[in-house]
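Numbering (our numbering), first residue to last: 1 to 350.
Ideal Cβ positions, reconstructed from N, Cα and C, are used throughout, including at glycine.
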């Protein structure tokens, strides 16, 4: 649990990602002396003993309130993610929202650095890519994994590149094999690049905070017993419960149960040594093909009329799942079967 680690008595959560931000708030409320929150409703504070947070600014980007809250916090957790209602928005609207999220991450990291925050943890979960406005634009092929996205951010600010959006398969995880391991090739790819969104967010943080004051986390698909949002597992459950067909792509996903993530986050924050690069967090052995996941969930609804329909137009090459190994994990991780049992029990299933 997070309160088992030395993460500071005052914590700031940028909770624009509804599920992650809300889960972090619920996990930390009452365990810290002060909990600062930033979301679309403004900036809030919840002190120990208080049942709910109090608003201190209606404007979530109010510079003075942000500086005050961050200056009083040792740790900042940046839980900005993809926009809600992702599938219902136009590509242009999604691109604008994601561009705003990246800009927010950049500004928050800068303000946190100025305020003296000792630990800035950024969770990468944005899908975005850049389109160059001139075919003559060239990128330097630097060895640093953060150099190229930093250049892209500067180009966007200068009006040389702009944000666009494209559906893709999975984030580039070491050993995945789905995407080439070259960021330049990914930039040119038409199946780009959930991974590039991650790199861009990480570059924003790295631009302002030194390695010892930052942690860059690449988190797999989080799920929890209380989650009823739009993510894969609760979405599948709702469809099977309603007797609706479930269409799945021939892709695989990495998963991690909330309790395991919470434990690992505490370890990440409390580690004294600065990691070399971004940290991949998921549960070993919890990489599952989506058709198998759908069938596993459907077994909990024996009377359901739902069908699992395979969309073979979107697939990935055969992957050695053993090569997908996280940088940090807990030996007693929650298996998919156990996690699904907890989720079903919380939703009144079998």
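Would residue i and residue j be called neighbours here (beta carbons separated by less than 8 Å)?
i           : j           : result
residue 122 : residue 202 : yes
residue 105 : residue 78  : yes
residue 160 : residue 237 : no
residue 290 : residue 249 : yes
residue 124 : residue 264 : no
residue 37  : residue 53  : yes
residue 228 : residue 253 : no
Please report the straight-line C-alpha distance between residue i and residue j, rounded to a whole angstrom.
i           : j           : result
residue 245 : residue 30  : 42 Å
residue 257 : residue 223 : 5 Å
residue 267 : residue 330 : 10 Å
residue 295 : residue 307 : 9 Å
residue 347 : residue 226 : 8 Å
residue 74  : residue 215 : 14 Å
residue 305 : residue 299 : 12 Å
residue 62  : residue 39  : 12 Å
residue 44  : residue 27  : 16 Å
residue 14  : residue 303 : 42 Å
residue 64  : residue 42  : 13 Å
residue 16  : residue 102 : 12 Å
residue 285 : residue 335 : 8 Å
residue 80  : residue 19  : 10 Å
residue 59  : residue 107 : 15 Å
residue 262 : residue 269 : 11 Å
residue 10  : residue 251 : 41 Å
residue 158 : residue 241 : 50 Å
residue 231 : residue 56  : 31 Å
Is it right to say residue i is buried, meaning 16 or more other beta carbons lie within 10 angstroms of its own, or is it exposed?
i           : result
residue 260 : buried
residue 114 : exposed
residue 333 : buried
residue 21  : buried
residue 311 : exposed
residue 309 : exposed
residue 338 : exposed
residue 154 : exposed
residue 239 : buried
residue 278 : buried
residue 129 : Confidence at residue 129 is low in this model, with a pLDDT of 48, below 50, so its placement is unreliable and the value that follows should be read with caution. That one is buried.
residue 247 : exposed
Give me the Cβ distance between residue i and residue j, rounded to the nearest whole Å; I'm assuming they're in contact under 8 Å.
i           : j           : result
residue 213 : residue 119 : 6 Å
residue 281 : residue 205 : Between residue 205 and residue 281 the Cβ distance is about 16 Å, and since that is not below 8 Å, they are no contact.
residue 71  : residue 116 : 6 Å
residue 208 : residue 283 : Not a contact, Cβ separation roughly 31 Å.
With distances taken from CA atoms, which of the options is nearest residue i?
i           : options            : result
residue 353 : 76, 62, 60         : A query on residue 353 cannot be resolved here, the shown segment of the chain reaching from 1 to 350 and no further.
residue 32  : 12, 42, 19         : 12
residue 50  : 270, 34, 328       : 34
residue 255 : 287, 270, 342, 124 : 287
residue 243 : 301, 208, 234      : 301
residue 211 : 10, 271, 80        : 271
residue 372 : 262, 234, 158      : The chain is shown only over 1 to 350; residue 372 falls outside these bounds and no answer can be derived.
residue 200 : 57, 328, 150       : 150
Measuring only from the beta carbon, is residue i closer than 7 Å to any heavy atom that is part of the ligand HEM?
i           : result
residue 253 : Among the ligands in the structure shown, none appear at all, so the ligand HEM cannot be discussed.
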